[in-house]
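Below: one structure, written as structure tokens.
Protein chains in written order, with this note's numbering: chain A, 1 to 505; chain B, 506 to 777.
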């Protein structure tokens, strides 16, 4: 029979009232059972300590380099994991067993107990720099002792590890320093040796050679120009003195010499005689004749006659010039050859200087790199030394107990109060649930209004129960009894809770 | 002759009843008279004041009375009676009241319905038809010699022979007085003789209201089916929790629609 929720509740309450004795007894039985379970439920206590860990100031930042950075990053991320690795070690567990009073256990028992302790310990990251170590156990004092010991152990182990780390870092830097010192010395020696092997190869040598080469080039060019000029002059002179001119000159020379001789005779005669002296006239005629002899030659001679009139000196000058020019040409040629040889030498030298300088630069660079690394390592070593000294002498503020462990007063998990409340809730709901199940499985008509609704029959009346005096008395007695028993039970229930709270039960 | 015999027997019964009543302290005086004598009209249908049961006795028997404390129950039954009386134009009728399932409070409803009619009209007759479980209303007429069973079993009894006064105002009773193992010779409550009896009661006198306390419908469905035909009306009683829809459906289908007045829901006792 489908019913609405409110109707179901109404029916349920009605049914519960009808079976109030059974309900009360069920309530008491269920709540009592739950409370009994609560009494025997093992108590669990939790104590925790919070450790502040800031390793940003430790040696890791000084170790510039991927290795250290990666290591530092890993540590930041997995503090809790690292803490658990540190704490769940045999060394720490031995200390824990001492404070927990389990020092006398056999190794097997210790092994098992260690696993239990591991299970009961929770290590969590609280934010960036905090690690929380929580331990739970059945005994509050032991819980406290173990949690406290865990905190102390973590700090001491980390400090120990840190100092060892600082020392290792220092040693590592020291070894690196040695390595680089050797390298630096090597490079320096190499550089010096090379320089000694190539003296005069100064950094300016290249420039000097280059300027010399340039000058030589210039000289060659000038010499070439001069040579060409001399050669041109030579060619011109030779042309003047060459082939055709010389034959005409030769021919002209014979006539000229005759004429000259005749003229010389004439001149002599004229000094002695008048012009009408027959010899003079004859000589004049002869000269005329000689002069007139070959027509063309005469023309040619006549043409050159102007220049060559005084002629022989010019020719001699030309020949002299030619000779001079020839001398000049030879001189220039020799100079050119010499200069070109110099140039070749200088070029070879420049090439060699370049090579030497490249090598020098390489050696220099290697030296400089080593030097820089060396300086860096020296600086790092100093830092590491400071850190190491600090670790050894000063108390560390980067590792400290932020929140010390406390003695747990209240147990965790399900406490007796929870069982008491659960007892009441279950004591009410369980019987009601069973009643509801019973009502569902026995689908009798319990709501009069369903008769017209479901079956379409006329509901005349719903008649309440007519109590006979005996029934009324019985009902009253039952009600009173149930009430009194319930009150007594509640008082006992509360008393049990108070006694438990005071630790008497 | 026959009448004299019966008269003697009745006289004897009266004496016994008187003694019995005195011993029980139930009756204020006198024995419950046979209210309905053969060949006569119903006599003394109004029970004399002094023979009425007192409040305590009525309360113990769970019977309503006018000054009762629990006026709700009284009003409900009175209202039920009034409603039927207002609806009915006839001066007499027979109402069968049957619980849907056994122990459903059918007798309680029938008895109080009859008592309500008695309170209103002073002329109510309750016929206890529970011959198999005859102890429900037996106490109303403790001195009764004959009941419905006897009437149906024997030939020598007339309807008035089985009618007894009760200590309840305006209410007379035909007790069952049956035997569980035995079936009456002339048939059970669905027999012709039963029909005759009912007709007799209804026709005897005007303004006479008969209430039949019938057995549980689902156990004697056939009887109920016939008996409802003999009556003018039928009321079904549905007790809390024990009857389901099927029971009610079956019972209601056994009864002609025009005869089924309706259903009374008996909330029953709130158990301890």
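Glycine included, each C-beta is placed from N, C-alpha and C at the ideal position.
Is the shortest distance between the beta-carbon of residue i and the beta-carbons of chain A less than 7 Å?
i: residue 705/B; result: no
i: residue 770/B; result: yes
i: residue 586/B; result: no
i: residue 581/B; result: yes
i: residue 609/B; result: no
i: residue 692/B; result: no
i: residue 576/B; result: no
i: residue 757/B; result: yes
Taking residue i as the query, report the chain A residues whose CB atoms sit under 9 Å from its CB, ordered along the chain.
i: residue 748/B; result: 444 and 445
Does the Cβ of residue i have 16 or more other Cβ atoms within 10 Å, making it buried, or fewer, making it exposed?
i: residue 751/B; result: exposed
i: residue 408/A; result: buried
i: residue 17/A; result: exposed
i: residue 136/A; result: buried
i: residue 443/A; result: exposed
i: residue 224/A; result: exposed
i: residue 725/B; result: buried
i: residue 260/A; result: exposed
i: residue 160/A; result: exposed
i: residue 48/A; result: buried
i: residue 151/A; result: buried
i: residue 635/B; result: buried
i: residue 184/A; result: buried
i: residue 758/B; result: exposed
i: residue 675/B; result: buried
i: residue 433/A; result: exposed
i: residue 480/A; result: exposed
i: residue 773/B; result: buried
i: residue 661/B; result: exposed
i: residue 23/A; result: buried
i: residue 656/B; result: buried
Report the neighbours of residue i on chain B: residues whose CB is nearer than 8 Å to its CB, in chain order.
i: residue 140/A; result: Here the premise fails: no neighbours, minimum Cβ distance about 48 Å.
i: residue 451/A; result: 743, 753, 768 and 770
Taking C-beta pairs closer than 7 Å, name the residues in chain B that residue i reaches, listed in chain order.
i: residue 468/A; result: 564, 565 and 567
i: residue 464/A; result: 577, 578 and 772
Could you tell me which chain A residues have their CB closer than 7 Å to the CB of residue i, listed as they occur along the chain?
i: residue 767/B; result: 457, 458, 459 and 460
Below 8 Å on C-beta distance, what does residue i contact in chain A?
i: residue 740/B; result: 460
i: residue 754/B; result: 455
i: residue 571/B; result: Within chain A, no residue comes near residue 571/B; the closest Cβ sits about 15 Å away, beyond 8 Å.
i: residue 561/B; result: 469
I'd like to know whether the C-beta of residue i is nearer than 7 Å to at least one C-beta of chain B.
i: residue 13/A; result: no
i: residue 448/A; result: yes
i: residue 133/A; result: no
i: residue 432/A; result: no
Kindly give me the distance between the Cβ atoms of residue i and residue j, rounded to whole angstroms, as I take these residues to be in contact under 8 Å.
i: residue 144/A; j: residue 405/A; result: 6 Å
i: residue 681/B; j: residue 653/B; result: 5 Å
i: residue 155/A; j: residue 424/A; result: Contact flag wrong, Cβ pair sits at about 47 Å.
i: residue 256/A; j: residue 284/A; result: Contact doesn't hold; Cβ gap of about 17 Å is too wide.
i: residue 419/A; j: residue 35/A; result: 6 Å
i: residue 649/B; j: residue 568/B; result: Not a contact, Cβ separation roughly 17 Å.
i: residue 765/B; j: residue 600/B; result: Going by Cβ atoms, the distance from residue 765/B to residue 600/B rounds to 11 Å, so no, they are not a contact pair.
Is the shortest distance between the beta-carbon of residue i and the beta-carbons of chain C less than 7 Å?
i: residue 604/B; result: This model lacks chain C altogether, as its protein chains are A and B.
Item to complete: Could you list the residues in the region 725-739 of chain B with a C-beta less than 9 Å from some C-beta on chain A, going in chain order?
Response: Taken residue by residue, none of the region 725-739 of chain B has a beta-carbon sitting less than 9 Å from a beta-carbon on chain A.
Practice prompt. Could you name the residues of the region 613-629 of chain B whose beta carbon sits closer than 8 Å to any beta carbon of chain A, in the order they occur along the chain?
Written response: Cβ contacts with chain A come from 613, 614 and 617.
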